[in-house]
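Peer 1:
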Amino acid sequence: MDGNEERIIKGLFALAGVTVNGDKPYDITIHDRRFYRRVLKEQALGLGESYMDGWWDCPALDQFFHRILAAKLQERVKGNWKIKLDILKSRLFNLQSRKRAYQVGERHYDIGNDLYRRMLDKRMIYTCAYWKKARTLVTFKKLYYHFYGRRIAVKTRQHSIRRAEFDNWLLQRSGVTVHIHQAKEIRESGGRYIIDNRFSSSYLVGAAGTYCPVYRTIFQRARPRIKKLLVTTMEAEFQYDYRDDRCYLWFFDNRLSGYSWYVPKGDGRLNIGIGGKLLSLKGGRGSIRDHWRSFREKLNHLGLVRDFDFPVRGCNYFLHHGKGPLRIGNAFVVGDSAALASRDMGEGIGAAVKSGILAAEAIARQAPYAPGQVGSYSIFNII
Ligand SMILES: Cc1cc2nc3c(=O)[nH]c(=O)nc-3n(C[C@H](O)[C@H](O)[C@H](O)COP(=O)(O)OP(=O)(O)OC[C@H]3O[C@@H](n4cnc5c(N)ncnc54)[C@H](O)[C@@H]3O)c2cc1C
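Numbers 18 to 400, taken from the working numbering, label the letters of the sequence shown in order.
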């Protein structure tokens, strides 16, 4: 165990006013020194999971998390070269691999305003015609996090919208002609890509999510997916006369390696769901269906959703990893096809948009394609 890691984590917690092994109710006591490396490596997720594993404790968890979240540590790290250098040094010495050290840079890269500038307009406000008419857009000024039964309200500026509406808006804005076709077979011939003997092109962008045929045909071998980063989810979105218009997130309920959510959308729609790492669910923490059942009971008990009788959708996708190429020849993978969703919150919409833009720039301007720049953690972008 490297003392440097301990020093870095203690230094970061000190920025939030938390002392390791201190005597305030929000101070934490470390029971297993592997804690420092895990938190440095996995950030928010490592913090939560190491708690579940009994590596640390805290008398007032809610106060602790409130301080950590309110301190916006990621922003402070970004603006502090000394801490950044320390983290980089620690990782370099520990991992002894230039390749992995590169991931450090990737992780702390913030998608930032650039993405929104491209998606929105120069002044970064929603002035485009389609957006003005958005029916299901809702803006939250606060998010309500729950850790182990304690609620923490955190100031934010987050939006919810129906995916169909958002995707349609992006398509309209791009101005492309859409051909509806489910791609099955891809082959290369004469320097071109042939799709189902029906379409041919000199460039190919795989954007079809987890089961993308471009990934399967061209990238699978060079960029194998990492099983432990596979997330499984259950979700329902339905018309509901909801009484509570706040956005709630519950972390690690019933030892789930993930979280559940209650997200009101506009036009009287409600989205609820749950997601966790599949492998850890197989490790005796209950199946995703078990967790879904308890979650529904909880929503009923809290009076948030009663008499649940709505269709439920299951979906799997892989979280961010940096192993293997994202461009081979003139073929690219973006979004979930490239496994770019953030490791802590499983958010991949921003990453899908950003990587799509980068792929377009690589094709149009011969720019380098480096979607690894899309950050692999997102909790600190939310708050
Ligand atoms: C339940 C759930 C909730 C989530 N919540 C959030 C969230 O709140 N915020 C966030 O940032 N991320 C969230 N994510 C993650 C996010 O949805 C994905 O990371 C993101 O949608 C990835 O975008 P994508 O365009 O790569 O893939 P997708 O959104 O999966 O889009 C792929 C598209 O390709 C099409 N397609 C598939 N196969 C083919 C084929 N063979 N030929 C042609 N087309 C095909 C599909 O129909 C689909 O339209 C959530 C994921 C799940 C499962």
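Where a beta carbon is used, it is the ideal one built from N, C-alpha and C, also for glycine.
Along the chain, where does the alpha helix (DSSP H) that runs through arginine 382 open and close?
Peer 2: Arginine 382 -> alpha helix (DSSP H) spans 366 to 382.
Peer 1: So which of Asn21, Val193 and Ala355 has the shortest CA-CA distance to proline 388?
Peer 2: It is Ala355.
Peer 1: Rounded to whole angstroms, what is the Cα-Cα separation between arginine 204 and arginine 344?
Peer 2: Roughly 16 Å between the two C-alpha positions.
Peer 1: Near glycine 331, which residues of its chain fall below 6 Å by C-beta distance, leaving aside the five closest residues on each side in sequence?
Peer 2: Correct list, in chain order: Met251.
Peer 1: How about aspartate 270 and tyrosine 276: do their beta carbons lie closer than 9 Å?
Peer 2: Closer than 9 Å, so yes.
Peer 1: What span of residues does the beta strand (DSSP E) with arginine 204 cover, start to end?
Peer 2: Here the beta strand (DSSP E) through arginine 204 covers 203 to 206.
Peer 1: Indicate whether arginine 167 and leucine 78 have their beta-carbon atoms separated by less than 9 Å.
Peer 2: Yes, they are a contact pair.
Peer 1: Rounded to whole angstroms, what is the Cα-Cα separation between aspartate 353 and valine 195?
Peer 2: Their backbone Cα atoms lie some 20 Å apart in a straight line.
Peer 1: I'd like to check one pair, valine 35 with arginine 93: are the Cβ atoms closer than 9 Å?
Peer 2: Cβ atoms of arginine 93 and valine 35: not closer than 9 Å.
Peer 1: Methionine 251 bridges to which residues according to DSSP?
Peer 2: Answer is Ile291 and Gly331, bridged to methionine 251.
Peer 1: Which residues bound the beta strand (DSSP E) around valine 222?
Peer 2: Looking at the DSSP string, the run of the beta strand (DSSP E) that includes valine 222 is 221 to 223.
Peer 1: Confirm the yes/no value for this check: CB of alanine 200, any heavy atom of ligand 1, distance under 8 Å.
Peer 2: It does: the Cβ of alanine 200 is within 8 Å (strictly closer) of some heavy atom of ligand 1.
Peer 1: Among residues of its own chain, excluding the 5 on either side of lysine 139, which ones have a beta-carbon nearer than 7 Å to its beta-carbon?
Peer 2: Summary for lysine 139: the model assigns pLDDT 39, below 50, so the residue's position carries little reliability, and this model does not support an answer.
Peer 1: Which first and last residues belong to the alpha helix (DSSP H) in which arginine 51 is found?
Peer 2: Element bounds for arginine 51: 51 to 69.
Peer 1: Select from His48, Tyr53 and Thr46 the residue whose C-alpha is nearest the C-alpha of asparagine 21.
Peer 2: The candidate whose alpha carbon is nearest that of asparagine 21 is Tyr53.
Peer 1: I need the boundaries of the alpha helix (DSSP H) containing arginine 209, first residue and last residue.
Peer 2: Note, arginine 209: premise wrong, no alpha helix (DSSP H); beta strand (DSSP E) at 209 to 212.
Peer 1: Near glutamine 80, what residues of its chain come up, given a Cβ to Cβ distance below 7 Å and the 5 sequence neighbours on each side ignored?
Peer 2: Correct list, in chain order: Pro42 and Tyr43.
Peer 1: Proline 388 by DSSP, collapsed to three states: which one?
Peer 2: DSSP places proline 388 in helix when its eight states are reduced to three.
Peer 1: Check whether the Cβ of threonine 234 lies closer than 9 Å to any Cβ atom in chain C.
Peer 2: Going by chain labels, chain C is absent from the structure shown, which holds only one protein chain.
Peer 1: I believe isoleucine 289 touches leucine 316 by the beta-carbon criterion, under 8 Å. Please report the beta-carbon distance rounded to the nearest angstrom.
Peer 2: Correct: roughly 7 Å between the Cβ atoms.
Peer 1: Between which two residues does the alpha helix (DSSP H) holding glycine 34 run?
Peer 2: Element bounds for glycine 34: n/a, residue is neither H nor E.
Peer 1: Could you name the residues of the same chain whose beta carbon sits closer than 6 Å to that of threonine 156, not counting the 5 residues immediately before and after it, in chain order?
Peer 2: Same-chain partners within the cutoff: His176.
Peer 1: With respect to the beta strand (DSSP E) encompassing arginine 168, which residues constitute its N-terminal and C-terminal limits?
Peer 2: From DSSP, the beta strand (DSSP E) with arginine 168 extends over 167 to 177.
Peer 1: Three or more C-beta pairs under 8 Å: does that hold for the segment 327 to 341 against the segment 357 to 365?
Peer 2: The segment 327 to 341, when compared against the segment 357 to 365, does touch it at the 8 Å Cβ threshold.
Peer 1: To which residues of the same chain is arginine 135 closer than 7 Å at the C-beta, ignoring the five residues directly before and after it?
Peer 2: Low local confidence applies: a pLDDT of 44 at arginine 135 is under 50, so the model's placement there is unreliable, and no value is given.
Peer 1: State buried or exposed for arginine 180, treating a residue as buried only when at least 16 other CB atoms are found within 10 Å of its CB.
Peer 2: It is exposed - the Cβ of arginine 180 has fewer than 16 other Cβ atoms within 10 Å.
Peer 1: What is the rounded straight-line gap between the Cα of alanine 87 and the Cα of isoleucine 169?
Peer 2: The straight-line gap from Cα to Cα measures roughly 10 Å.
Peer 1: Who are the Cβ neighbours of leucine 62 in its own chain at under 7 Å, not counting the five residues just before and after it?
Peer 2: Cβ neighbours of leucine 62 beyond the five flanking positions: Arg360 and Asp361.
Peer 1: Compare the beta carbon distance of leucine 287 and tyrosine 279 with 9 Å and say whether it is the shorter of the two.
Peer 2: The answer is yes: Cβ separation under 9 Å.
Peer 1: Whole angstroms are fine: how far does the CA of leucine 296 sit from the CA of arginine 302?
Peer 2: Distance between the alpha carbons of arginine 302 and leucine 296 is about 10 Å.
Peer 1: Where does glycine 320 sit, in a helix, a strand or coil, going by DSSP?
Peer 2: DSSP places glycine 320 in coil when its eight states are reduced to three.
Peer 1: Any heavy atom of ligand 1 closer than 8 Å to the CB of glutamate 182?
Peer 2: Not so, every heavy atom of ligand 1 lies at least 8 Å from the Cβ.
Peer 1: Considering tryptophan 186, what are the terminal residues of the alpha helix (DSSP H) in which it resides?
Peer 2: Its alpha helix (DSSP H) spans residues 180 to 191.
Peer 1: Report the three-state DSSP secondary structure of phenylalanine 325 (helix, strand or coil).
Peer 2: The answer is coil: DSSP assigns phenylalanine 325 none of H, G, I, E or B.
Peer 1: Buried or exposed for proline 328, please, with buried defined as at least 16 other CB atoms from any protein chain shown within 10 angstroms of its CB.
Peer 2: With fewer than 16 other Cβ atoms within 10 Å, it is exposed.
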